[in-house]
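Below: the structure, in structure tokens.
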Amino acid sequence: MTSNLIAFVSRGNYSHALMCTVSPTLIEAIGDGVTNLNAQNCFVHDLKHIRVLRYSAPAIARAAASAAMLFFSKGYSVPRAVASVLPDAPRFRPKDDGIFCSALVAAAFRTAGAPEFAAVKPMRVTPAWLQNSPHFPDVTDDLCRRILSPNNIEEMNALDGARMPSPMAGQSALFRSYFRQVMRAYR
């Protein structure tokens, strides 16, 4: 529901963003927080539901992939995701320290030194912003092919539909709980 609202308000066609770290591993921020997903265990119902965007500078893209891992296990923030499409006013600034999908991508590219992200606030970046960026050409047709459904499709994740929890979700939650305890002790 929240994702569809963000896509609608930001005038985008997509409601989620994730990125490849080291093929076939993807990283994303979802309700369980920032976690990994194996692309070899995924399928798409219809290619019109997804876009594969590739950053135009390969060296920065590799650095961004590494930088994204710094966010592994960070909590997810629905309030921050919603605030990304609201006016930038103090009353709309969430108090949590979580992240959301497209902010993860933007923060990784900003950390990697992508020049077009230098002045961008990652928490204001939506999937539509990424979709409309001239620095992320669409390579969907080059990378994706329609095939018959695999025999184990019931055990796979639909990138455009129902998802199973990531095998890394438990580890991500454990890291998050350790971090909270350390921060409480530190304060």
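Residue 291 is where the sequence shown starts when you use this note's numbering, and the numbers rise one by one after that. The beta-carbon is built from N, C-alpha and C at its ideal position, and this holds for glycine as well.
Opening and closing residue of the alpha helix (DSSP H) in which residue 353 lies
348–358
Roughly how many angstroms lie between the CA atoms of residue 449 and residue 330, to the nearest whole one?
11 angstroms
Taking buried to mean at least 16 other C-beta atoms within 10 Å of its own C-beta, is residue 393 buried or exposed?
buried
Less than 8 angstroms between the C-beta atoms of residue 343 and residue 432, yes or no?
no
Going by beta carbon distance, what residues of the same chain come within less than 7 angstroms of residue 357, once the five residues before and after it are set aside?
398, 401, 402
In this structure, does DSSP put residue 340 in helix, strand or coil?
coil
Could you give the DSSP three-state label for residue 294: helix, strand or coil?
helix
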